[in-house]
Amino acid sequence: MASYDYDLITIGAGSGGVRASRIAAGHGAKVAVIEEDRPGGTCVLRGCVPKKLLMFGSLFSAEVEDAIGFGWGDDHADSDDGIAWSHDWGGLITRKNAELDRLSGIYQNLLDNAGVELIAGRGVITGPHSVRVGEREYTAERILIAVGGWPHFPPVEGVADHGISSNEALELSYRPDEIVIFGAGYIAVEFAGIFNGFGSKTHLVYRADLPLRGFDEDLRKGLAEAMEARGIILHPGCTITGVTGDDNAKDVALSDGTTISADTLMVAAGRKPMTGGLGLEAVGIETDQSGAIPVDENSMTLVPSIYAIGDVTNRINLTPVAIA
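According to the working numbering, the sequence shown holds residues -7 to 316 in order.
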């Protein structure tokens, strides 16, 4: 019988990778997790959690507006019909980061308590049972790929140079005065609500007639109406044809001939699996047209000793799917 360093090596310490590793260790397996960042993955560090914190904070502006109709006010307001209030964007980001640090620490503790070894670095598959990290190679009876996905920028002139993804949007040191968001999926829609709630003049540019393609038609129509009622400027049936400008000001040209001048451009045009440089070619694993790893109902790839879960696969890119 072959001898390996571990029973299981997991590449990626996101929600799916951490859960799978803990479960395996709980059944007596010797497990190592390879991670080049820190435990947490997309959901904890760059997705669900920080986005929800910002979304929750953005809702208070509407609460303040509603409160005026119920008699609330401020004796020191500048006008008779408003409440004098302000928002500390930098403070929000600082506290958001502190919460992410706390949650990442919890993930680390979960691995430690399960007896899972965390190996820092980028894992590259070198064979059906081997992974290289830096100059060292580790072996395992089984390998689990859980590296997740990354925001995709369309090949439009100026977009990659002047645009930011949802990753950077969560780390902005300033609140945009005016922002253009390109995309109509739930990431684009949520961030449009966030920035609008914090007072940014917000544009949502998308190719379809309505946002949230694939969702219920009545829901999509109701969402578009609600967004416009909140002051979000919708540009349906449009795409971006080019972007010029600098760090402080950008001119975003649209396919309908209009140009929007804004200080920030956010691109939410989809995500791609992080399969590049993973070493899949060394074991004969081919990806599909989107770059995702095809898996069967048991999350096994074409190589019987190698499995994949989460956003790197051809399954739905949601945390509940990754940890199922």
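The beta carbon of each residue, even a glycine, is placed where N, CA and C say it ideally should be. Computed from a predicted model, the values in this text were never measured in an experiment.
Distance CB(residue i)-CB(residue j) smaller than 8 Å
| i | j | result |
| --- | --- | --- |
| Ala293 | Ala300 | Looking at the sequence shown, residue 293 is not Ala but Thr. Cβ atoms of Thr293 and Ala300: closer than 8 Å. |
| Pro286 | Asn309 | no |
| Val108 | Ile3 | no |
| Ala21 | Ile1 | no |
| Val172 | Leu257 | yes |
| Ala353 | Ala106 | Residue 353 lies beyond the residue range present for the chain, which begins at -7 and ends at 316; the question has no answer from this structure. |
| Pro120 | Val275 | yes |
| Val259 | Val116 | no |
| Ile277 | Val125 | no |
| Thr233 | Val148 | yes |
| Met219 | Ala184 | yes |
| Gly61 | Gly33 | no |
Residue i in three-state terms, based on DSSP
| i | result |
| --- | --- |
| Asp93 | helix |
| Gly237 | strand |
| Ala218 | helix |
| Tyr299 | strand |
| Leu272 | helix |
| Arg87 | helix |
| Arg30 | coil |
| Ile1 | strand |
| Val23 | strand |
| Ser50 | helix |
| Val259 | strand |
| Asp243 | strand |
| Glu278 | coil |
| Ile232 | strand |
| Ser253 | strand |
| Pro265 | strand |
Expected contact under 8 Å - CB spacing of residue i and residue j to nearest Å
| i | j | result |
| --- | --- | --- |
| Lys242 | His154 | 5 Å |
| Asp303 | Ala132 | Contact flag wrong, Cβ pair sits at about 22 Å. |
| Pro228 | Ala245 | That pair is no contact at about 17 Å. |
| Ile315 | Arg11 | 5 Å |
Given residue i as reference, the closest of the options once Cα atoms are compared
| i | options | result |
| --- | --- | --- |
| Asp255 | Ser192, Ala90, Ala112 | Ser192 |
| Trp81 | Ser247, Glu163, Val56, Phe183 | Glu163 |
| Gly39 | Ser(-5), Trp142, Leu110, Gly283 | Trp142 |
| Ser291 | Phe187, Arg134, Ser253 | Arg134 |
| Phe331 | Gly83, Gly262, Gly49, Gly6 | With the chain covering only -7 through 316, there is no way to say anything about residue 331. |
| Asp239 | Pro168, Gly63, Ser78, Leu84 | Pro168 |
Only counting runs of 4 or more residues, tell me where the alpha helix (DSSP H) segments fall wholly within the segment 115 to 202, in order along the chain.
151 to 154, 158 to 161, 178 to 189
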